[in-house]
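Below is one structure, written out as C-alpha cells, with a few remarks after it.
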C-alpha cells in the first residue's frame, strides 16, 4: 500500500511530500549514517524484506517498534519526562502548602535532587503520579505541549524535542517509505509522548504505546464528559511488559525493533525469535563528546544483558560515535 | 494523505484497488443504503468535514470508531464469540473429566443452555475465561481462524464472517477513502476479533480495541518466548470503558462513532461533545424478517437510553429495515 503511495507522490503528491519521497528513492535514504557495516545491515534487511524472495515480508506484517528514551531521543542527565514532572510539581506547589514539609516534594522544591533520588523508585513514582493525575487528558495534553515548546535542556540549552536523534528520524522515514508501520514502545508515559511524537517522528498517537495511569470517564458540571487521569498505574511498559504491550496494543509480532537498554531486551528477543526474518537493533551510547557515553553501569539506560546477548540473537549494535554522522537535527 | 492514495490509484494502483476507488468516486459510495435522509446525513457529514470551511477536519483528526457486535456484524441469537467459546469448551472437554459434574460446564456439554444462562454473568465469564486462557496468543489466533472458516450460524447456516453488514462495510470503505482512520471499539475480545477483522472490514489488528485477558511473556523449554493468555481480566471495553479504551489505545477523541446498544452510549456521548463536528450513529435493529428486531427489552444489544437521548445529541438512528437495501454481502 505504501509502495503505491510513494510511487504516486512523484506524480501527484504535495510538493513537500514528493520531495522527501524523491530524496529517499533517488539518493541516500540515511544521510546521517556513516557508510559501513551498520548502515549496510539496515539497508540489506529492508531490501530483502521488501523484495520478492525467501525473506519477503507482506506489507501487513511490516511492524517496526522503537523504544523512545535513549533510542529516539536523549535521556540524559535525567529522563526528560522527569524534568517535566519536576517542573509541574513546582507549578503545582502554590496549591499544596503541605509539600513544604512533605518528602519527596520538600527536597524537590528546594532543588535538593540528591535527597529526592535517595528516596528511590518510591519517591520518583510519587512525583510522577502526582504530576500526571488529577487533571483531564485534554488539559494534560496542553500542559505537555506548552512545556515542550518552552523548556530547555540543562546542558545543550536546546528544546527537548530538538534532541531527537536525526539518524533515527531518517530510519523511521526510510522504513515507512518501504511499507513499514512504525510504533513507539516505551516505558515513558503514553500521554506525555503523544503530545509531541506526531510532529517529531511522524508517529500518530494511536501508534504510541507507553506506560499509563488509569483514566476515568466523568461528566462535568456543564454536562460535558471528560477523561480524568487517576493516580493509579494502568500499565507499565518496560521489560517483559514491552512484548505484552505490543500484543495488547498492536496485536502483531514486530519484525524490526530498536532499543538501547535492558528494558528493551524482552521485546528484542520477541522480535528475533519469530518465524521468518526479524531485525533487532541496540543503540549503544558511546559518544561522550557529542552526547553521553554509558551502558553497563548506568542506572539510566542500563545496558548489560543486551550487550552480552547481542551476538547470540544477531542484534545490530549501533556505535553512536562511529556510525552516526550527526546526532541532532541542528548539526550540519 | 488517503486522498492522494485514492487519486493515485486511478493511475498506478493495483487493478483490484483501483476498481474499488473508481467505484467510490465515480458512482454511489454507499450502494447498499436506500436513498433518503439517513444516507444523505452520512454523505453530508463526510462532505463537509473533508471540504475547506468551518466544519473541515484535518486528516490527522479523522478518527472513526465502530462497535462490532450488532453494529458491524450480527449478534443474535447469541454473541458469536460465545458460540466460539462453547465450541472450544466442547473441544477441550476430553482433557477435563471434572467438567462432567461441574457447572456451568456440565450443562453446556449436555446442551442445556437454559441452565447455563441461569448461571448469569458469572457462568458466562467462567466459560469465556476458561476458553480464552491457558493458551499462547499464536495458538489462540489459529483456533479462531479455524473456527471462523468452519463454524456456521444456527439459523442462516452462513459462516459467521459472512454475516457482516454490507452497508457498514461500504461505510468503512467510504470513510477511509475520505481520509478517515477506522477503528473497532468493541466489548468483544480483542484477540478473537483481530483474527478475522482485517479480512472482513479492512481494519488491521492495531486498530482493533476490545476487551482482553492478561497475557504473560514466558520462555518455553526450547528457549523461544511466547505470550500466554491468562485467566484474568485485563480490560473490559464496554460502557464507560469505551471512551477510556479510546483514550488509552487511540489517544484522540473520535469525530465519527457508530454503535447499536447502551454499551455504546458513553463513546457516542464522548464523540458528540467534543469541539467541532462529531457524528454519532445508532444502528436500530428493526428488521425481523431479514435479520432480528430488538431494542429496549433485549438483553443482547440492549438499547434504551440511547434511543431516549438520540434527539438530544443529534445521533442518527439507522432503521435497518427501511435504510438498508441489503443486510449481508451475499444478498443481491
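Chains as they are written, first to last, in this note's numbering: chain A, 19 to 350; chain B, 19 to 350.
Using N, Cα and C, we set each Cβ at its ideal position, and we do this for glycine too.
Bear in mind that the values here come from a model prediction, so they are computed numbers and not experimental data.
Secondary structure of residue i, DSSP reduced to three states
i	result
residue 149 of chain A	helix
residue 18 of chain B	Since the first residue of chain B shown is 19 and the last is 350, residue 18 of chain B is not available in this structure.
residue 344 of chain A	coil
residue 170 of chain B	strand
residue 337 of chain B	strand
residue 290 of chain B	helix
residue 154 of chain B	strand
residue 330 of chain A	helix
residue 189 of chain B	helix
residue 216 of chain A	helix
residue 96 of chain A	coil
residue 116 of chain B	helix
residue 122 of chain A	coil
residue 222 of chain B	coil
residue 68 of chain B	coil
residue 142 of chain A	helix
residue 17 of chain A	The first residue shown for chain A is 19 and the last is 350, placing residue 17 of chain A beyond what the model contains.
residue 264 of chain A	helix
residue 39 of chain A	Note that residue 39 of chain A scores 42 on pLDDT, short of 50, meaning its location in the model is unreliable and no value can be drawn from it.
residue 259 of chain B	helix
residue 350 of chain B	coil
residue 108 of chain A	helix
residue 61 of chain B	helix
residue 175 of chain B	coil
residue 240 of chain A	coil
residue 321 of chain A	coil
residue 269 of chain B	coil
residue 54 of chain B	coil
residue 281 of chain A	helix
Beta-ladder partner(s) of residue i, from DSSP
i	result
residue 83 of chain B	B:201, B:275
residue 312 of chain A	A:303
residue 253 of chain A	A:230
residue 47 of chain A	None, per the DSSP bridge assignment.
residue 235 of chain B	B:245
residue 91 of chain B	B:87, B:182
residue 74 of chain B	None, per the DSSP bridge assignment.
residue 297 of chain B	B:274
residue 207 of chain A	A:229
C-beta contact flag for residue i and residue j at 9 Å
i	j	result
residue 48 of chain A	residue 219 of chain A	no
residue 197 of chain A	residue 80 of chain A	yes
residue 203 of chain B	residue 255 of chain B	yes
residue 94 of chain A	residue 283 of chain A	no
residue 340 of chain B	residue 304 of chain B	yes
residue 245 of chain A	residue 229 of chain A	no
residue 85 of chain A	residue 205 of chain A	yes
residue 151 of chain B	residue 231 of chain B	yes
residue 265 of chain B	residue 155 of chain A	yes
residue 50 of chain A	residue 343 of chain A	yes
residue 308 of chain A	residue 258 of chain A	no
residue 126 of chain B	residue 104 of chain B	yes
residue 166 of chain A	residue 190 of chain A	no
residue 106 of chain B	residue 149 of chain B	yes
residue 123 of chain B	residue 224 of chain A	no
residue 346 of chain B	residue 188 of chain B	no
Residue i: CB within 8 Å of a non-hydrogen atom of the ligand NAP
i	result
residue 240 of chain A	The ligand content of the structure shown is nil, which means the ligand NAP is not present either.
Legend entry - Stretch-stretch touch, CB-based, cutoff 8 Å, three pairs: the stretch 206–222 of chain A with the stretch 83–100 of chain A: yes
Inset, instruction - Tell me, please, whether the stretch 75–92 of chain B touches the stretch 271–278 of chain B by the rule of three or more beta-carbon pairs shorter than 8 Å. - result: yes
Inset, instruction - Check each residue of the stretch 283–308 of chain B: if its Cβ is closer than 7 Å to any Cβ of chain A, include it; give the result in chain order. - result: 284, 287, 288, 291
Legend entry - Touch test, the stretch 325–343 of chain A against the stretch 284–297 of chain A, Cβ-Cβ under 8 Å, three pairs minimum: yes
Legend entry - chain A contacts from the stretch 206–230 of chain B (Cβ-Cβ distance under 8 Å): 208, 209, 212, 216, 222, 223, 224, 225, 226, 230
Inset, instruction - Spell out a yes or no on whether the stretch 235–255 of chain A and the stretch 283–291 of chain B are touching, meaning 3 or more CB-CB pairs, one atom from each, closer than 8 Å. - result: yes
Legend entry - Members of the stretch 261–276 of chain B that neighbour chain A once the beta carbon cut-off is set at 7 Å: 261, 262, 265, 266, 267, 268, 269, 270
Inset, instruction - Check whether the stretch 67–78 of chain B touches the stretch 110–121 of chain B, taking contact to mean three or more Cβ pairs, one atom from each stretch, closer than 8 Å. - result: no
Inset, instruction - Anything in the stretch 137–168 of chain B with a Cβ closer than 8 Å to a Cβ of chain A? List those residues in chain order, please. - result: 155
Inset, instruction - Output, in sequence order along the chain, the residues in the stretch 306–339 of chain A whose CB is closer than 7 Å to any CB in chain B. - result: none
Inset, instruction - Compile a chain-ordered list of the residues in the stretch 66–95 of chain B whose CB is closer than 9 Å to at least one CB of chain A. - result: 78, 81
Legend entry - Positions along the stretch 114–140 of chain B whose CB lies within less than 9 Å of some CB in chain A: none
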